[in-house]
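J.: Let me give you the structure first, and then I'll get to my questions.
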Amino acid sequence: MATTAGKRNLITDVKGLRVGQAHDVRVNTGVTVILPDQPAVAACAVAGGGPGTRETDLLSAGAMVDQVDAVFLSGGSAFGLGAADGVMAGLKQAGRGFSLVERPGVPPTPIVPGAILYDLANGGDKDWDGIAPYAALGFEAFKAASGTFALGRAGAGHGALAGQFPGGTGSASVVMPEGITVGALACVNCFGSVLMPGTDAYWAWPYEVAGEFGGARPPADFSMDAEDWGAAKANPGLGQNTTIACVATDAALTPSQAQRVAQMALSGFSRAIRPVFAPFDGDAVFVLSTKGVPLPDPDPLMVTRIGELAASTLARAIARGVHEAREQSGAVA
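Residue numbers (my numbering): 5 to 337.
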């Protein structure tokens, strides 16, 4: 048996997972929330030289808390880290969070790691008066969480740019013969190009499933100079580019196994974007395990397979997000 895309071809094909999104057209920014129904094992890997993250130290080996209540991805650079406050407010209302010892009158603390991308220079009115809009967007995204969600110019990818093209939010999934599902969601605001130079083919084309990002292929005689980056951003600035992502699986991973999958998933960025992990990129990926399917033996081989599928599914999500955004903006004929 071969792998297949999930029913929705979204990260929410992973059972027990929902996604909510919100954006502000005036500010040209947004927030995406990945919400497990129950606390999920989590890990994070950062490869870019200019990251902006929150609560990732909690995901390090040996930390007291090894599960999270949600993951957020946000526009807004460091302002966007405030999106977690809105997500935490929604979780508190739902009675969710971590308590070392339950006591009357002491609420549990929601655990909400996340990452941001830089969209402050991508247009829109950033001259907000007073408090930045991200906590409110985070709360709105939390409330909107469901099994389906928009791709392209939506959520944290609403104000993104991918090289010289519109960026956006993409997602994809794959189901293993054993019934384990791996899904990915990416918000793409990269310096590098997702398209091969001089073509309409995505770098991720070898991993495409059923024409999900247009089906374009490079010409048979395609060749390029090693330093031809194609439609990358012409004048990158420090901290102004990033692809942030979340990979999820229903396989029951330990924190250590989830960390290995996160490290393997990073290669999905390099399969879809060129160049990537630059000093001015903040590339980061989270991994969630909803623990619905026990890992069959042998564990190391299964973790390797899941990690490889995480990488290829993430590459598909990146290409799909940009392709959807290009279609919405008329950049795809």
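Note that the Cβ used here is the ideal one computed from N, Cα and C, for glycine as well.
All figures in this text were calculated on a predicted structure; none of them were measured in a lab.
Can you confirm whether the stretch 253-268 touches the stretch 35-51 when touching is taken to mean that 3 or more C-beta pairs between the two stretches lie within less than 8 Å?
T.: yes
J.: Is the stretch 289-303 close to the stretch 130-145, with three or more CB pairs under 8 Å?
T.: A contact is defined here as three or more CB-CB pairs under 8 Å, and the stretch 289-303 fails this definition with respect to the stretch 130-145.
J.: May I ask you to verify whether the stretch 150-159 touches the stretch 203-210, counting CB pairs closer than 8 Å and requiring at least 3?
T.: The stretch 150-159 and the stretch 203-210 do not touch, with fewer than 3 CB-CB distances between them shorter than 8 Å.
J.: For GLY127 and ASN32, which I take to be in contact (beta-carbon distance under 8 Å), what is that distance rounded to the nearest angstrom?
T.: On the sequence shown, position 123 is the one that residue 127 refers to. On the sequence shown, position 28 is the one that residue 32 refers to. Indeed, because the Cβ distance is near 5 Å, the residues count as touching under 8 Å.
J.: With a CB to CB cut of under 7 Å and the five nearest residues on each side skipped, what residues in its chain are close to ALA319?
T.: Here residue 319 is taken as the residue at index 315 of the sequence shown, counted from 1. Excluding sequence neighbours, ALA319 sits near ALA208, TYR211, GLY272, ARG275, ALA276.
J.: What is the residue span of the beta strand (DSSP E) that SER175 lies within?
T.: Sequence index remark: in the sequence shown, residue 175 carries index 171 (1-based). Where SER175 is concerned, the enclosing beta strand (DSSP E) stretches over 172-179.
J.: As an exercise, report each continuous beta strand (DSSP E) stretch of at least 3 residues that is fully enclosed by the stretch 227-271, in chain order.
T.: 246-255
J.: From GLN25 to VAL192, what does the alpha carbon distance come to, in whole angstroms?
T.: To locate residue 25, count along the sequence shown from 1; it is residue 21. To locate residue 192, count along the sequence shown from 1; it is residue 188. Cα to Cα, GLN25 sits roughly 15 Å from VAL192.
J.: Report the CB separation of THR203 from PHE217 in whole angstroms; it is logged as a contact under 8 Å.
T.: Indexing the sequence shown from 1 puts residue 203 at position 199. Indexing the sequence shown from 1 puts residue 217 at position 213. Contact flag wrong, Cβ pair sits at about 13 Å.
J.: So what's SER4 in DSSP terms, helix, strand or just coil?
T.: Outside the displayed span of the chain (5 to 337) sits residue 4, for which this structure offers no information.
J.: Given this structure, state the Cα-to-Cα distance separating VAL179 from ALA65, to the nearest angstrom.
T.: Here residue 179 corresponds to residue number 175 of the sequence shown, with the count starting at 1. Here residue 65 corresponds to residue number 61 of the sequence shown, with the count starting at 1. When the Cα atoms are used, VAL179 and ALA65 turn out to be separated by approximately 29 Å.
J.: Under the three-state reduction of DSSP, which class applies to VAL35: helix, strand or coil?
T.: Taking the sequence shown and counting its residues from 1, the one referred to as residue 35 is at position 31. Reduced to three states, the DSSP call for VAL35 is strand.
J.: Could you tell me whether the stretch 168-175 touches the stretch 252-262, where touching means 3 or more Cβ pairs closer than 8 Å?
T.: no
J.: Taking only three categories from DSSP, how would you classify GLY24?
T.: Reading the sequence shown from its first residue, position 20 is the one you call residue 24. When secondary structure is reduced to three states using DSSP, GLY24 falls in the strand class.
J.: Pop quiz: SER197 and GLY167 are said to be a contact at Cβ under 8 Å. What is the actual Cβ separation, rounded to whole angstroms?
T.: In the sequence shown, the residue the question calls residue 197 occupies position 193. In the sequence shown, the residue the question calls residue 167 occupies position 163. Indeed, because the Cβ distance is near 4 Å, the residues count as touching under 8 Å.
J.: Going by the beta-carbon positions, is the gap between ASP28 and GLY34 smaller than 8 Å?
T.: Residue numbering aside, residue 28 sits at position 24 when the sequence shown is read from its first letter. Residue numbering aside, residue 34 sits at position 30 when the sequence shown is read from its first letter. In contact: ASP28 and GLY34 (Cβ atoms closer than 8 Å).
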